[in-house]
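As numbered in the working numbering, residues 13 to 576 make up the sequence shown, in order.
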Amino acid sequence: MKGTFPTLSWLALGIACVATCTNPVAQTKNGSYYGVYMPQYKEDYFLGIPFAKPPLAHLRWANPESVNESWSGLRPATGYAMECIGYGSDQKGYLQSEDCLYLNVVRPAGYDNASLPVLVWIHGGGFAQGGTPDLRYNLTFIVEHSINIGQPIIAVSIAYRLGPWGFFNGVELANEGSLNLGLKDQRLALNWVKENIAGFGGDPDKVVIYGQSAGSESVGYQIRAYNGREDGLFRGGMMESGAVLPGSGLNLTWTYEPWFQQIAEEAGCSQAVRKLDCLRRTPFTVLNNILNTTANDTTPYNWRPTVDGDFVARYPSEQLDRGDFVKVPIIIGYTTDEGTTECPEPVNTTAELENYLSSTTTYGWALDERVVSELLELYPNTTSFGIPSSEELGGNVTFPQPYGAAFRQTAAYYGDAQFIAATRYTCELWAAHNLSAYCYRFNTKTDDYNWEEGVAHFSDLIFIFNNLNGYGFSPNPFIDAPESYTDLSYLMSGSWISFVNSLDPNAWTGRGRNATQTENWPVYDLENPMSMIWDANVTSYAAPDTWRKEGIALINANRRAYQR
Numbered sequence: 013m014k015g016t017f018p019t020l021s022w023l024a025l026g027i028a029c030v031a032t033c034t035n036p037v038a039q040t041k042n043g044s045y046y047g048v049y050m051p052q053y054k055e056d057y058f059l060g061i062p063f064a065k066p067p068l069a070h071l072r073w074a075n076p077e078s079v080n081e082s083w084s085g086l087r088p089a090t091g092y093a094m095e096c097i098g099y100g101s102d103q104k105g106y107l108q109s110e111d112c113l114y115l116n117v118v119r120p121a122g123y124d125n126a127s128l129p130v131l132v133w134i135h136g137g138g139f140a141q142g143g144t145p146d147l148r149y150n151l152t153f154i155v156e157h158s159i160n161i162g163q164p165i166i167a168v169s170i171a172y173r174l175g176p177w178g179f180f181n182g183v184e185l186a187n188e189g190s191l192n193l194g195l196k197d198q199r200l201a202l203n204w205v206k207e208n209i210a211g212f213g214g215d216p217d218k219v220v221i222y223g224q225s226a227g228s229e230s231v232g233y234q235i236r237a238y239n240g241r242e243d244g245l246f247r248g249g250m251m252e253s254g255a256v257l258p259g260s261g262l263n264l265t266w267t268y269e270p271w272f273q274q275i276a277e278e279a280g281c282s283q284a285v286r287k288l289d290c291l292r293r294t295p296f297t298v299l300n301n302i303l304n305t306t307a308n309d310t311t312p313y314n315w316r317p318t319v320d321g322d323f324v325a326r327y328p329s330e331q332l333d334r335g336d337f338v339k340v341p342i343i344i345g346y347t348t349d350e351g352t353t354e355c356p357e358p359v360n361t362t363a364e365l366e367n368y369l370s371s372t373t374t375y376g377w378a379l380d381e382r383v384v385s386e387l388l389e390l391y392p393n394t395t396s397f398g399i400p401s402s403e404e405l406g407g408n409v410t411f412p413q414p415y416g417a418a419f420r421q422t423a424a425y426y427g428d429a430q431f432i433a434a435t436r437y438t439c440e441l442w443a444a445h446n447l448s449a450y451c452y453r454f455n456t457k458t459d460d461y462n463w464e465e466g467v468a469h470f471s472d473l474i475f476i477f478n479n480l481n482g483y484g485f486s487p488n489p490f491i492d493a494p495e496s497y498t499d500l501s502y503l504m505s506g507s508w509i510s511f512v513n514s515l516d517p518n519a520w521t522g523r524g525r526n527a528t529q530t531e532n533w534p535v536y537d538l539e540n541p542m543s544m545i546w547d548a549n550v551t552s553y554a555a556p557d558t559w560r561k562e563g564i565a566l567i568n569a570n571r572r573a574y575q576r
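Here you go:
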């Protein structure tokens, strides 16, 4: 993910008028909140609303519990809560705390007694970093755009525990049913929305969940939750660079147990009868010092969702192949060059890539020799193949270090293995069940990425959020960009908003801004699979979904080898 300005808050975009303006009020089951009115956007903000008890003391590494107190009078919801503890560049400059299970609501002013459709945003960050105060996730502009196109929505952003705080694993946690806590945090937040959003002017029966990267995978986890149990929490999903089939493999508890034991030993808990209880009593600073050196993606301590026999009932591919998932319409897609920022580098030869494919590393799944051989045939190290594509850069580009001479080959494979294959699997699965899936590929290069990275992971989000001023991005991708970039943002954001309203991205007027017309976005069909190509340099269009067909088919045919 690219640059952010964490020292600013969303309120820096407007005037905090708690003392000078009439505050908007909303009623929840527990009591009433007052928020902040933003006159320049004509929106009401309700910020930092708790949806769970603070996960402290005995609730550290425990399943989230609902807030069970009530009150009379008004409580403030005028500022963001601290982000959850995470490890990565997205956390820099943001205050963090274990006490972090809060959400935010942005609504158009004057709609407090309405019944508007609801978008629930789940941020990404590899399940290890990120948070709702991040300026790049500012919901102001997509809500503003919804008003401008006559399809108003309410937007909600939710927090969840991250990394080893949200996905800690070991036998003791498994025995007490305390795995996948970050996903359960999300679930409790969705229950809160179901129970309370009507008090803000939202329709609890018209909720669409939306995420990017790990947030997108989280949408998939919610669709599969509890073996696909239908709890009526959402009626649609929007997945951006992530799918119902996870991009990363799921390790089981036995993989994590040695790491749990090592952490317990480093914390002085190795002799405790119940090491987990001892760790719950350990001061945060002690644990943070331990986990901060074992949580990042360059070590084995990569804490992520796991199969727990409950929330994640079994390996996702097994569950999905049986049809055990919530049957809702979806939008789902990826960027052309997903792998350029997600692959190992430098990789200079096919032999080096083969080593990654054959060994268990951060970038590998220890695939068997036959599969590796077939993959290397389908992902050759030639200048005419791979990403960034030759149509963007030409066929004879030499990539400098640290990318390596085999960068195109490597990036193409890892983009498919982590994102694109799972997306195609999802589109095909939805079509097989006669469900509406609107699939896409984003193909617009932005200036906030190096030329070697092409149309990189995360580059579509700013368009969908209609963040034309580039808040949180450095540089702003829209500065010095042609007008067609603004047109594309208008079109994409409007299509996502239309889906939140009607479950159809085509059902809105004004789609021809500046005479930039586009054909309708087709529902994915097995007989004639089509994806929308979002491209600011040409008129966006629907095209056959045959992108690296053979390689992606091989990856999906071996999905269990990828621990999915």
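Just so it is clear, CB atoms sit at the ideal spot from N, CA and C, and this is done for glycine as well.
Query	Result
Cβ separation of VAL168 and VAL130, assumed to be a contact under 8 Å, to the nearest whole Å	6 Å
Any 3 or more C-beta pairs closer than 8 Å across the stretch 482-500 and the stretch 139-155	yes
Cβ-based burial, GLU465 [other Cβ within 10 Å; buried from 16]	buried
Residues near ILE344 in its chain [Cβ-Cβ closer than 7 Å; skip 5 each side]	MET251, ALA255, THR435, THR438, CYS439, ALA449, CYS451
SER543, DSSP secondary structure in three states	strand
Alpha helix (DSSP H) segments (min. 4 residues) lying fully within the stretch 191-272	193-208, 226-240
Classification of PRO412 by the beta-carbon crowding that lies within 10 angstroms, buried from 16 upward	exposed
Range covered by the alpha helix (DSSP H) that runs through MET94	Note, MET94: premise wrong, no alpha helix (DSSP H); not H, not E.
Continuous alpha helix (DSSP H) assignments of at least 4 residues falling wholly in the stretch 271-335	287-293, 296-303, 328-333
Inter-residue spacing [alpha-carbon to alpha-carbon] between VAL384 and THR40	55 Å
Straight-line Cα distance separating GLY60 from ASN160	27 Å
Nearest to TRP546 (by Cα), restricted to the options THR458, THR352, ASN181, ARG119	THR458
Secondary structure of TRP377, DSSP reduced to three states	coil
Between the CA atoms of THR34 and ALA121 - distance to the nearest angstrom	12 Å
Classification of ASN304 by the beta-carbon crowding that lies within 10 angstroms, buried from 16 upward	exposed
Nearest neighbour of ASP336, chosen from VAL467, TYR233, PRO36 [CA to CA]	TYR233
GLU55 versus TRP177 - alpha carbon distance	34 Å
Residue environment, HIS70, which counts as buried when at least 16 other CB atoms sit within 10 Å	exposed
Any 3 or more C-beta pairs closer than 8 Å across the stretch 353-372 and the stretch 417-424	yes
6 Å Cβ shell around PRO341 - same chain, five flanking residues per side excluded	GLY248, SER448, LEU515
Distance cut-off 6 Å: ASP217 Cβ against heavy atoms of the ligand MN	This structure lacks the ligand MN, and indeed carries no ligand of any kind.
Supposed close pair PHE323, ALA237 - CB separation, criterion 8 Å	6 Å
Beta carbon of ASP215 nearer than 7 Å to that of SER158	no
The stretch 463-479 in contact with the stretch 347-359 per 3-pair CB rule at 8 Å	yes
Contact check, ALA554 vs PRO534, beta carbons under 7 Å	yes
TRP271 and PHE63 closer than 7 Å at C-beta	no
Cα-Cα separation, MET94 to THR395	47 Å
Contacting residues, own chain, Cβ-Cβ under 7 Å from LYS196 (five flanking each side not counted)	ASN75, PRO76, PHE323
The stretch 86-104 in contact with the stretch 134-142 per 3-pair CB rule at 8 Å	yes
Spatial distance of LEU86 from VAL37 (CA atoms)	8 Å
GLN421 vs TYR461 beta-carbon contact at 7 Å	no
Same chain, Cβ closer than 7 Å to PRO556, five either side skipped, listed in chain order	PRO541, MET542
Bridge-paired residues (DSSP) for TYR450	ILE343
Own chain, CB closer than 6 Å to ASN239, minus 5 neighbours either side, in chain order	ALA325, ASP336
Contact check, GLY259 vs PHE454, beta carbons under 7 Å	no
Between the CA atoms of PRO494 and ASN479 - distance to the nearest angstrom	15 Å
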